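S.K.:
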Amino acid sequence: MTTPTPKTENPNRYRARDLSCNDFTQHLNFHLGSAFKYIFLHKEDGGREDLEKALWHLRRQRKDEPKFKKLKNKLYFKLSQKLESCGFDTGTDTDTDTDTGQALDAILYAAAEYNEDNISWATACVKALLKEMPPETERGGI
Numbered sequence: 001m002t003t004p005t006p007k008t009e010n011p012n013r014y015r016a017r018d019l020s021c022n023d024f025t026q027h028l029n030f031h032l033g034s035a036f037k038y039i040f041l042h043k044e045d046g047g048r049e050d051l052e053k054a055l056w057h058l059r060r061q062r063k064d065e066p067k068f069k070k071l072k073n074k075l076y077f078k079l080s081q082k083l084e085s086c087g088f089d090t091g092t093d094t095d096t097d098t099d100t101g102q103a104l105d106a107i108l109y110a111a112a113e114y115n116e117d118n119i120s121w122a123t124a125c126v127k128a129l130l131k132e133m134p135p136e137t138e139r140g141g142i
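Below is the structure:
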């Protein structure tokens, strides 16, 4: 019996728009960081599956309400500006990726001001992104 060869890690998958996803997730707890990562990467190759994973992590965050150190306001604003400088618009500019930017910013905000409404906002943003995604069969999936 042969041992399967492990897949090589592709650090480029974790980079988008001259920015590392880890620049953000290192400041978040596990579930918020994972949701952020899946939203950040969903256009690279994960598509619907990544967005569904993000929703799962947001639901777990809401259900478990784990204790974590809140993101300080100064750091929240710094990370939010970083998102915008990379083309993830967090406002209403139609020339940039507003929906993804709002979803990512919602997670950062939930980390800074954690409450049920902020997790609901992040969840609603991800659901809006899912509505925009074609079904897997249209993308060439199963």
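Residue numbering for the sequence shown follows UniProt numbering, starting at 1 and increasing by one per position. By construction, the Cβ of each residue, glycine as well, lies at the ideal position given by its N, Cα and C atoms. Please read all numbers here as calculations on a predicted model, not as lab measurements.
Count Cβ pairs between the segment 99-106 and the segment 124-136 that sit closer than 8 Å; are there 3 or more?
M.R.: With the cut-off at 8 Å, the segment 99-106 and the segment 124-136 touch.
S.K.: Expressed to the nearest angstrom, what Euclidean distance is found between the alpha-carbon atoms of residue 134 and residue 43?
M.R.: Taking the sequence shown and counting its residues from 1, one reaches residue 134 at position 134. Taking the sequence shown and counting its residues from 1, one reaches residue 43 at position 43. Each residue's alpha carbon lies about 12 Å from the other.
S.K.: From this set, 98, 59 and 120, which residue's C-alpha is nearest residue 40's C-alpha?
M.R.: By one-based count along the sequence shown, residue 40 stands at place 40. Looking at the Cα atoms, 98 is the closest of the given residues.
S.K.: Tell me the residue span of the alpha helix (DSSP H) that contains residue 38.
M.R.: Taking the first residue of the sequence shown as 1, we reach residue 38 at position 38. Unbroken alpha helix (DSSP H) run through residue 38: 30-41.
S.K.: Out of 113, 69, 108 and 29, point me to the one whose CA is closest to residue 78's CA.
M.R.: In the sequence shown, residue 78 corresponds to position 78, counting from 1. Answer by Cα proximity: 108.
S.K.: What residues in its chain sit with their C-beta under 6 Å from that of residue 106, if we drop five residues either side in the sequence?
M.R.: Mapped onto the sequence shown, residue 106 falls at position 106. So the list reads 121, 122 and 125, once near-sequence residues are dropped.
S.K.: Excluding the 5 residues preceding and the 5 following residue 119 in the sequence, name in chain order all residues of the same chain whose CB lies nearer than 7 Å to its CB.
M.R.: Translated into positions along the sequence shown, residue 119 becomes position 119. These residues qualify, in order along the chain: 58, 61, 62 and 110.
S.K.: Is residue 27 near residue 83, with beta carbons less than 8 Å apart?
M.R.: Numbered from 1 along the sequence shown, position 27 holds the residue referred to as residue 27. Numbered from 1 along the sequence shown, position 83 holds the residue referred to as residue 83. No, Cβ-Cβ distance for residue 27 and residue 83 is not below 8 Å.
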